[in-house]
Amino acid sequence: MSILDTLLRQQEPAFADRSPNLYAPFEARRLQGARVAWLNRRWFAQAGVDVDAPGVRAGIEAWLLRHYAVCVPGADDPHDLYTADLQTLFADRYGAPGGSAHGGSGRVGTFGGFNAKGIGRTPLASVQSDWYHSHGYMWLEEAVRETILSEVASRIFPHGAVPVVALLDAGCRIHWRDGSTGARRAIIVRPAFLRIASFMRSIFFGRGGYAGSEQWIDSQRVRDLWRSDWGSGGVGAVFRAAFTATGRQYGFGRVLRMWPGPPFASNLTLEGALVDFGSFRALPDWSCAQGETASHGFGAENTLITAAARALERIGRQNGIPICARELTAYFSAGVERGESEALLTHDIAVGSPLALELAALRTQQRRRVTSLQGARADAVVIGRLAPFPDLYRERLLRETEAMICVMGEGANSDYVSLDGFIDARVRLAWQHASPASLRA
């Protein structure tokens with residue numbers, strides 16, 4: 041039996057053996073008009089599966105639609121968007137260094153070895169969030185962009201990215217509260233993963249004070265994960281490897297001006313693979329570009345990394361497991377230096393070049409609002425055309441995908457064949473922009 045066969049046959053959500061409290065089960069309904077818009081041929085090929093072989097694609101698509109083309113109906117959704125069929129999914133619980141208002145994934149549901157993002161509001165979504173930030177849907181443009189960027193990152197970054205295995209067109213649009221409709225909805229399917237935040241509490245979510253309450257379950261989840269069997273090095277070795285790999289990713293991207301966004305604990309996987317690309321940027325220079333929050337910009341990642349390390353040290357102490365925050369941040373910094381060096385060598389940038397010297401300065405001044413690389417001579421070393429990724433701008437992707445579906449007729453099979461080619465072409469184009477040949481002086 042192949043690895044893929046094992047994954048497809050798996051019913052229990054991944055990592056559930058670590059803790060019976062890791063997931064919150066919920067029911068979703070099958071979407072009436074959903075279709076498979078794109079399959080990741082690269083990922084399936086690496087799993088030993090030829091998607092284009094007779095009958096293979098049809099079988100994979102049927103499995104995807106049966107388990108992941110589902111959604112929790114919103115109050116404003118028309119009833120005819122859904123069938124009567126129900127699918128049980130599981131939302132993974134996680135917290136944050138300072139606690140969190142949500143209990144974990146607010147729009148991701150896991151079944152077997154994979155999770156689906158964009159399946160509506162889960163029971164872990166915060167009641168304190170407004171409707172726009174808690175409906176749980178995913179735009180088609182957002183899904184296409186995340187699919188493309190995850191493929192680009194998988195090819196460029198040393199620890200790759202959590203891949204999008206499939207992109208599903210939900211077959212419907214967002215229904216706003218005023219009765220109007222918005223952009224087309226989509227769902228992406230990815231291999232399940234654990235986050236650094238999985239080991240942290242969510243102290244502001246739900247009620248507490250009695251067995252079985254949300255806070256009680258959350259505390260049990262954290263205790264179970266920390267005391268789980270992580271091998272000879274224990275959970276400390278897992279964290280050290282994760283912080284090293286994450287630093288390596290950020291250091292490599294720093295040289296290329298490809299920023300994964302602020303390193304929030306919820307976006308840090310144990311393997312260091314990049315995930316969630318809403319804040320991913322290819323930058324035109326080394327100024328301290330900002331993400332969704334103004335306090336955590338490009339080159340200033342240590343603030344969030346230090347917060348995560350201190351939280352793990354505190355929680356480890358509560359569970360009788362010694363974790364040193366300074367040690368973890370040192371592993372991250374060592375990873376950054378390694379990633380920078382690897383990027384310089386990979387792209388034939390001399391160690392004594394202006395870029396290398398500026399990077400050395402950046403390491404000592406990275407907490408400044410503007411990095412030391414801003415206005416540097418590095419553009420003579422790294423070709424400027426890498427930065428813009430012109431075909432990945434949100435507005436352009438939105439226009440092109442909407443136009444493609446409208447012109448070819450919604451629901452027709454040709455839509456999905458064309459979107460399949462559209463994504464593959466954008467991955468190739470983005471890869472050309474970021475290929476080593478374009479970076480050499």
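Residue numbering for the sequence shown follows the numbering used here, beginning at 41 and increasing consecutively.
By construction, the Cβ of each residue, glycine as well, lies at the ideal position given by its N, Cα and C atoms.
Rounded to the nearest angstrom, what separates A465 and A85 at their Cα positions?
Looking up residue 465 in the sequence shown gives position 425. Looking up residue 85 in the sequence shown gives position 45. Using only the alpha carbons, I get a separation of about 18 Å.
Within 10 angstroms of the Cβ of T221, are there 16 or more other Cβ atoms? Answer buried if so, exposed if not.
Translated into positions along the sequence shown, residue 221 becomes position 181. By the neighbour-count rule (16 or more Cβ atoms within 10 Å), T221 is not buried but exposed.
For chain B, find out if any of its Cβ atoms is closer than 8 Å to the Cβ of L265; answer yes or no.
Protein chain content of the structure displayed is limited to a single chain, and chain B is not contained in it.
Straight-line gap, P302 to G337 (C-alpha atoms, nearest Å):
As a first step, residue 302 must be located in the sequence shown, where it is residue number 262. As a first step, residue 337 must be located in the sequence shown, where it is residue number 297. Rounded to whole angstroms, P302 to G337 spans 7 Å at the Cα level.
Which stretch, first to last residue, makes up the beta strand (DSSP E) that contains D125?
Working through the sequence shown from its first residue, we reach residue 125 at position 85. Following the DSSP letters along the chain, one finds D125 inside the beta strand (DSSP E) bounded by residues Y122 to D132.
Please tell me whether Y108 and A156 are closer than 8 Å, where the distance is taken between their beta carbons.
To locate residue 108, count along the sequence shown from 1; it is residue 68. To locate residue 156, count along the sequence shown from 1; it is residue 116. Yes, the pair counts as a contact, with Cβ atoms nearer than the cut-off.
Is the region 172-183 in contact with the region 129-137, if contact means three or more CB pairs nearer than 8 Å?
no
Please state whether DSSP places F317 in a helix, a strand or coil.
By 1-based counting over the sequence shown, the position of residue 317 is 277. F317: coil per DSSP, three-state reduction.
Report the start-end ranges of each beta strand (DSSP E) in the region 205-266 that is 3 residues or longer and not cut off at the edges.
206-215 and 221-231
Contact defined as beta carbons within less than 8 Å: I believe S242 pairs with D258. What is the distance between those atoms, to the nearest angstrom?
Residue mapping note: residue 242 aligns to position 202 of the sequence shown, counting from 1. Residue mapping note: residue 258 aligns to position 218 of the sequence shown, counting from 1. Indeed they touch by this definition, with Cβ atoms about 5 Å apart.
Can you tell me where the beta strand (DSSP E) with V76 in it begins and where it stops?
Along the sequence shown, one-based indexing puts residue 76 at 36. Looking at the DSSP string, the run of the beta strand (DSSP E) that includes V76 is R75 to L79.
Would S59 be called buried (16 or more neighbouring beta carbons within 10 Å of its own) or exposed?
Counted from its first residue, the sequence shown places residue 59 at position 19. Buried, since its Cβ has 16 or more Cβ neighbours within 10 Å.
With a threshold of 16 other CB atoms inside 10 Å of the CB of S412, please say whether the residue is buried or exposed.
As a working note, residue 412 is residue 372 in the sequence shown. Residue placement at S412 is flagged as unreliable, the pLDDT there being 41, under the threshold of 50; a coordinate-derived value is accordingly withheld.
Neighbour-count burial assignment, A93, 16 or more Cβ in a 10 Å radius:
The residue you call residue 93 lines up with position 53 of the sequence shown. By the neighbour-count rule (16 or more Cβ atoms within 10 Å), A93 is not buried but exposed.
State yes or no: is the C-beta of R378 within less than 8 Å of the C-beta of G293?
Position 338 of the sequence shown, counted from the first residue, corresponds to residue 378. Position 253 of the sequence shown, counted from the first residue, corresponds to residue 293. Going by C-beta atoms, R378 is not nearer than 8 Å to G293.
Which residues does DSSP list as the beta-bridge partners of E67?
Translated into the one-based positions of the sequence shown, residue 67 becomes position 27. DSSP, once it has assigned bridges, lists T128 as partnering E67.
Which same chain residues end up closer than 6 Å to S166 when comparing Cβ atoms and leaving out the 5 residues on each side of it in sequence?
By 1-based counting over the sequence shown, the position of residue 166 is 126. Excluding sequence neighbours, S166 sits near A141 and H142.
Rounded to the nearest angstrom, what separates V76 and A370 at their Cα positions?
Position 36 of the sequence shown, counting from 1, holds the residue named residue 76. Position 330 of the sequence shown, counting from 1, holds the residue named residue 370. Distance between the alpha carbons of V76 and A370 is about 44 Å.
State the start and end residues of the unbroken beta strand (DSSP E) segment that holds T150.
By one-based count along the sequence shown, residue 150 stands at place 110. Taken as a continuous stretch (DSSP letters only), the beta strand (DSSP E) holding T150 covers V148 to F151.
C-alpha gap between V229 and A183, whole angstroms
Your numbering for residue 229 matches position 189 in the sequence shown. Your numbering for residue 183 matches position 143 in the sequence shown. Taking the straight line from one Cα to the other gives about 10 Å.
Beta-carbon gap between L207 and W78 smaller than 8 Å:
The residue labelled residue 207 in the question sits at position 167 within the sequence shown. The residue labelled residue 78 in the question sits at position 38 within the sequence shown. Yes; because the gap between Cβ atoms is below 8 Å, this pair is in contact.
Count the other CB atoms within 10 Å of the CB of H119; is the residue buried (16 or more) or exposed (fewer)?
Here residue 119 is taken as the residue at index 79 of the sequence shown, counted from 1. With fewer than 16 Cβ atoms within 10 Å of its Cβ, H119 is classed as exposed.
Please report the distance separating the alpha-carbon of D419 from that of L469.
On the sequence shown, position 379 is the one that residue 419 refers to. On the sequence shown, position 429 is the one that residue 469 refers to. Low local confidence applies: a pLDDT of 37 at D419 is under 50, so the model's placement there is unreliable, with the coordinate-based value given in what follows. Between the alpha carbons of D419 and L469 lies a gap of roughly 21 Å.
Flag this pair as yes or no: are the beta carbons of A349 and L368 separated by less than 8 Å?
If you number the sequence shown from 1, residue 349 lands on position 309. If you number the sequence shown from 1, residue 368 lands on position 328. Against a cut-off of 8 Å, the Cβ pair of L368 and A349 comes out as a contact.
So what does DSSP say about G144, is it helix, strand or coil?
If you number the sequence shown from 1, residue 144 lands on position 104. Strand, per DSSP.
Given G139 as reference, the closest of F320, F244 and T286 once Cα atoms are compared:
Locating residue 139 in the sequence shown gives position 99, counting from the first residue. The option with the nearest alpha carbon to G139 is F244.
Are the beta-carbon atoms belonging to G153 and A232 less than 8 Å from one another?
As a first step, residue 153 is located in the sequence shown; it is residue number 113 there, counting from the start. As a first step, residue 232 is located in the sequence shown; it is residue number 192 there, counting from the start. Cβ atoms of G153 and A232: closer than 8 Å.
Within its chain, find whatever has a CB closer than 7 Å to the CB of E311; leave out the 5 residues flanking it on each side and keep chain order.
In the sequence shown, residue 311 corresponds to position 271, counting from 1. Counting only Cβ-Cβ distances below 7 Å, and skipping sequence neighbours, we find H199 and A285.
Contact set for V295: own chain, Cβ-Cβ below 7 Å, skip 5 residues either direction
The sequence position of residue 295 within the sequence shown is 255, counting from 1. For V295, where only same-chain residues beyond five positions count, the Cβ hits under 7 Å are E380, A383, L384 and L399.
Pairwise C-alpha distance: E186 and D116
As a working mapping, residue 116 is identified with position 76 in the sequence shown. As a working mapping, residue 186 is identified with position 146 in the sequence shown. Near 26 Å, if we compare the C-alpha coordinates of E186 and D116.
Apply the 10 Å Cβ neighbour rule to Q289 and answer buried if 16 or more other Cβ atoms are within range, or exposed otherwise.
Position 249 of the sequence shown, counted from the start, is the residue given in the question as residue 289. When all chains shown are included, Q289 counts as buried.
Name the DSSP bridge partner or partners of T309?
For the purposes of this step, residue 309 is taken as the residue at position 269 of the sequence shown. Paired residue(s): R235.
Other residues of its chain near A56: CB distance less than 8 Å, five sequence neighbours each side excluded:
Indexing the sequence shown from 1 puts residue 56 at position 16. For A56, where only same-chain residues beyond five positions count, the Cβ hits under 8 Å are L62, Y63 and F130.
Residues in the same chain with beta-carbon distance under 7 Å from S145, minus the five sequence neighbours each way, listed in chain order, please.
One-based indexing of the sequence shown puts residue 145 at position 105. Cβ neighbours of S145 beyond the five flanking positions: A131, D132, T162 and L164.
Give the C-beta separation of N80 and V205 to the nearest angstrom, bearing in mind that I take them to be a contact with Cβ-Cβ under 8 Å.
Counted from its first residue, the sequence shown places residue 80 at position 40. Counted from its first residue, the sequence shown places residue 205 at position 165. Contact between N80 and V205 holds: CB atoms are separated by about 5 Å, below the 8 Å threshold.
Can you tell me which of F279, Q50, F320 and V110 puts its alpha carbon nearest to the alpha carbon of F239?
Numbered from 1 along the sequence shown, position 199 holds the residue referred to as residue 239. Closest by alpha carbon: F279.
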